[in-house]
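Colleague: Read left to right, the sequence shown gives residues 77 to 477 (our numbering). Just so it is clear, CB atoms sit at the ideal spot from N, CA and C, and this is done for glycine as well. Remember, predicted model here, so these are calculated numbers, not experimental data. The structure under discussion is supplied below as structure tokens; questions concerning it will follow.
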Amino acid sequence: MLDGRRVLLIISGGIAAYKSLELIRRLKDRGAAVRCILTKGGAQFVTPLSVAALSGDKVYQDTFSLTDEAEMGHIRLSREADLVVVAPATANLLAKMAAGIADDLASTALLATDKPVLVAPAMNTMMWDHVATQANVATLAGRGIHRVGPAAGDLACGEVGSGRMAEPAAILERIAELLGGGGPLAGVKAVVTSGPTFEAIDPVRYIANRSSGKQGHAIAAALAALGADVTLVSGPVALDDPAGLRTIHVESAVQMLNAVRGELPADVVVCAAAVADWTVANRAPHKRKKQAGAPPPVIELAPNPDILATVSKAAGLRPRLVVGFAAETERLLDNARDKLARKGCDWIIANDVSEDSGTFGGDANRIHLIDAEGIEDWPLLDKTEVAARLAARIATALGAE
Ligand code: C5P
């Protein structure tokens, strides 16, 4: 899918550098040509020999090496690529990029390039959270530098927090997105629901739930990165619309259902939204007023349509693959199996949203994929990594038919 696309990979010094070796392998598997710059720090973590062996090219390390400059100057190096990827991107290299410092081959190539740049930061969580790093990241974002991660989790230094380099699969996904190179889901139409729904009580009040939309949005982005034609139907969330796909904004469950229906036929529908089970039957056309001495108003609830079940049972319009979520706080697997049967979908992604799981609004998710055949238990993963794996799994399922 990345046949003939040229990636300049800059590996700077961090323990995450070992993951860049896997990234090289995955890029090569997809047909990309990978050329690597290894900084002095990077060479403390991975050897030039392994980088050269995996990339199938020499490794560029020193601005002042006459041979390198004669064969391939830093200008050519940075321009003869379709995309420059910095993984891991240390706090130091991000700072140099923000300030325009060019004191080694990596920073010089970054200053000289006219190509899109993607950074995958990796550092200790205090360093990532530091105002200086955050200011540098904001500066780079303002200049159109693309970023993937960092993810939250256990860090090599023993601390826990944000700063772990994005997984190779997630970086690859962003690379594919930026290079727009077809993908295993090219020609596949996908619809993803995400976020909560708001059910109006009156024009100013509503009933909602704690969905952030992070997982659903990440799934939509991951499917798009694999080349799918994606429509994201999103309830109200505080997230930006993902790049490379169409987002339809809705508020209520009924609006969400109508938007999804309008997108059928589709090959795959993923219902990741936390749709409100009930809507307000006695919605007031005007703001309900407090009246001294009067009892509080009674809100009458009525069931909402079930979007997942409706899509799964849509005669003549049923997608080839329908995926639902089961957010449970107890009896996770039993409830999920039951849901698979009741709703008629093909897969249920079960996740624990009990208070101590940190799933709602958090960056990580531990899921179980349940289909007619059985259960797959996935490890605790960043939501973008869950999305990347799910998108790959969807590509396999649709390709296998
Ligand atoms: O029944 P429950 O809400 O637990 O089911 C969760 C799954 O069903 C999720 O995939 C959710 O997006 C979907 N759902 C839906 N419409 C509803 C309720 C749930 O699509 N009204």
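#1: How long is the line joining the alpha carbons of aspartate 458 and alanine 368, rounded to whole angstroms?
#2: Report the residue from Ile100, Trp204 and Glu275 whose alpha carbon sits nearest the alpha carbon of leucine 377.
#3: Report whether the distance from the Cβ of isoleucine 283 to the nearest heavy atom of the ligand C5P is below 8 Å.
#4: Report all residues from its chain with a CB closer than 7 Å to the CB of phenylalanine 121; omit the five preceding and five following residues, and keep chain order.
#5: Between the C-alpha atoms of asparagine 200 and cysteine 233, what's the straight-line distance to the nearest angstrom?
#6: Would you say the beta carbon of asparagine 380 is closer than 8 Å to some non-hydrogen atom of the ligand C5P?
#7: For asparagine 441, which residues does DSSP report across the bridge?
#8: Whose C-alpha, out of Val387, Ala402 and Ala403, is nearest the C-alpha of arginine 396?
#9: For glycine 218, report the span of its beta strand (DSSP E) as first-last.
#10: What is the residue span of the alpha helix (DSSP H) that serine 183 lies within?
#11: In angstroms with no decimal places, state the Cα-to-Cα distance between proline 318 and glycine 311.
#12: Go through the segment 378-418 residue by residue and report every complete run of the alpha helix (DSSP H) that reaches 4 residues or more, in order.
#13: Could you tell me which whole beta strand (DSSP E) segments of length 3 or greater appear in the segment 238-316?
#14: Between which two residues does the alpha helix (DSSP H) containing arginine 152 stretch?
#15: Span of the alpha helix (DSSP H) holding isoleucine 177?
#16: Are alanine 390 and leucine 340 closer than 9 Å when you measure CB to CB?
#17: Across which residues does DSSP place aspartate 138 in a beta bridge pair?
#18: Determine the direct distance from the alpha carbon of valine 398 to that of aspartate 138, and round the result to whole angstroms.
#19: Apart from the five residues just before and just after alanine 342, which ones in its own chain have a Cβ nearer than 6 Å to its Cβ?
#20: By Cβ distance below 8 Å, which residues in the same chain neighbour methionine 203 in space, the five residues on each side in sequence not counted?
#21: Any idea what DSSP makes of valine 462, helix, strand or coil?
#22: Answer with buried or exposed for histidine 362, where buried requires no fewer than 16 other C-beta atoms within 10 angstroms of its C-beta.
#23: Would you kindly work out how many angstroms separate the C-alpha atoms of leucine 216 and alanine 157, rounded to a whole number?
#24: Roughly how many angstroms separate the alpha carbons of isoleucine 446 and arginine 413, rounded to a whole number?
#25: Please return the same chain residues whose Cβ sits closer than 7 Å to the Cβ of methionine 283, not counting the five positions on each side in sequence.
#26: Kindly indicate the opening and closing residues of the beta strand (DSSP E) around proline 164.
#27: Near arginine 81, what residues of its chain come up, given a Cβ to Cβ distance below 8 Å and the 5 sequence neighbours on each side ignored?
#28: Name the two residues that bound the continuous alpha helix (DSSP H) containing alanine 93.
#29: Going along the chain, which residues of its own chain have a beta-carbon closer than 6 Å to the beta-carbon of isoleucine 451, five neighbours each way excluded?
#30: Regarding phenylalanine 401 and the ligand C5P, is the C-beta to nearest heavy atom distance less than 8 Å?
#31: Please confirm whether any heavy atom of the ligand C5P lies closer than 8 Å to the CB of lysine 419.
#32: Could you please give me the residues that DSSP links to glycine 229 through a beta bridge?
#33: Three or more C-beta pairs closer than 8 Å, one from the segment 458-476 and one from the segment 244-252: is that the case here?
#34: Would DSSP call threonine 115 helix, strand or coil?
#35: Can you list, in chain order, the residues of its chain with a C-beta nearer than 6 Å to that of leucine 302? Leave out the 5 residues immediately preceding and following it.
Modeller: Let me spell this out:
#1: As a first step, residue 458 must be located in the sequence shown, where it is residue number 382. As a first step, residue 368 must be located in the sequence shown, where it is residue number 292. Between aspartate 458 and alanine 368, the C-alpha separation is close to 50 Å.
#2: Walking along the sequence shown from the start, residue 377 turns up at place 301. Checking every option, the nearest Cα to that of leucine 377 belongs to Glu275.
#3: Locating residue 283 in the sequence shown gives position 207, where the first residue counts as 1. The answer is no for isoleucine 283.
#4: Numbered from 1 along the sequence shown, position 45 holds the residue referred to as residue 121. Gly89, Gly90, Ile91, Ala93 and Tyr94, listed in sequence order.
#5: Along the sequence shown, one-based indexing puts residue 200 at 124. Along the sequence shown, one-based indexing puts residue 233 at 157. Near 7 Å, if we compare the C-alpha coordinates of cysteine 233 and asparagine 200.
#6: If you number the sequence shown from 1, residue 380 lands on position 304. Under cutoff, so the answer is yes.
#7: Within the sequence shown, the letter at position 365 stands for residue 441. Answer is Leu457.
#8: The residue given as residue 396 occupies position 320 in the sequence shown. Closest by alpha carbon: Val387.
#9: The residue you call residue 218 lines up with position 142 of the sequence shown. Here glycine 218 belongs to no beta strand (DSSP E); instead the alpha helix (DSSP H) covers 207-218.
#10: Here the question's residue 183 lines up with position 107 in the sequence shown. Note, serine 183: alpha helix (DSSP H), 181-188.
#11: Against the sequence shown, residue 318 aligns to sequence position 242. Against the sequence shown, residue 311 aligns to sequence position 235. Going from the Cα of proline 318 to the Cα of glycine 311 covers about 14 Å.
#12: 383-388
#13: 265-270, 275-278, 281-283 and 305-310
#14: Along the sequence shown, read from residue 1 onward, the residue named residue 152 stands at position 76. Run containing arginine 152: 150-155, per the alpha helix (DSSP H) assignment.
#15: Stepping through the sequence shown from its first residue, residue 177 is reached at position 101. No alpha helix (DSSP H) holds isoleucine 177; DSSP gives it neither H nor E.
#16: One-based indexing of the sequence shown puts residue 390 at position 314. One-based indexing of the sequence shown puts residue 340 at position 264. Cβ distance < 9 Å, so alanine 390 and leucine 340 count as in contact.
#17: As a position in the sequence shown, residue 138 is number 62, starting the count at 1. None, per the DSSP bridge assignment.
#18: Indexing the sequence shown from 1 puts residue 138 at position 62. Indexing the sequence shown from 1 puts residue 398 at position 322. Using only the alpha carbons, I get a separation of about 52 Å.
#19: As a first step, residue 342 must be located in the sequence shown, where it is residue number 266. Closer than 6 Å at Cβ, skipping near neighbours: Lys265, Val267 and Pro395.
#20: Counting from 1 along the sequence shown, the entry for residue 203 is found at position 127. Excluding positions up to five away in sequence, the list reads Ala167, Thr209 and Gly239.
#21: What you label residue 462 is simply residue 386 of the sequence shown in a count that begins at 1. Three-state result, valine 462: helix.
#22: Walking along the sequence shown from the start, residue 362 turns up at place 286. With fewer than 16 other Cβ atoms within 10 Å, it is exposed.
#23: The residue given as residue 216 occupies position 140 in the sequence shown. The residue given as residue 157 occupies position 81 in the sequence shown. So the two alpha carbons sit approximately 20 Å from each other.
#24: Here residue 446 is taken as the residue at index 370 of the sequence shown, counted from 1. Here residue 413 is taken as the residue at index 337 of the sequence shown, counted from 1. Rounded to the nearest angstrom, the two C-alpha atoms are 7 Å apart.
#25: Taking the sequence shown and counting its residues from 1, the one referred to as residue 283 is at position 207. The question names methionine, but residue 283 is isoleucine in the sequence shown. Excluding residues within five positions, the ones whose Cβ falls inside 7 Å are Glu275, Ile277, Ala352 and Val356.
#26: Walking along the sequence shown from the start, residue 164 turns up at place 88. Note, proline 164: beta strand (DSSP E), 159-165.
#27: Counted from its first residue, the sequence shown places residue 81 at position 5. Result list for arginine 81: Gly107, Ala108, Ala109, Asp158, Leu159, Leu255 and Gly257, in chain order.
#28: Here the question's residue 93 lines up with position 17 in the sequence shown. Run containing alanine 93: 93-105, per the alpha helix (DSSP H) assignment.
#29: Your numbering for residue 451 matches position 375 in the sequence shown. For isoleucine 451, where only same-chain residues beyond five positions count, the Cβ hits under 6 Å are His444.
#30: Against the sequence shown, residue 401 aligns to sequence position 325. The answer is yes for phenylalanine 401.
#31: Working through the sequence shown from its first residue, we reach residue 419 at position 343. Yes.
#32: Your numbering for residue 229 matches position 153 in the sequence shown. For glycine 229, which the question treats as bridged, DSSP gives the partners Gly237.
#33: yes
#34: Here the question's residue 115 lines up with position 39 in the sequence shown. Threonine 115 falls in the coil class under three-state DSSP.
#35: Position 226 of the sequence shown, counted from the start, is the residue given in the question as residue 302. Result list for leucine 302: Gly259, Pro260, Leu261, Ala467 and Ala471, in chain order.
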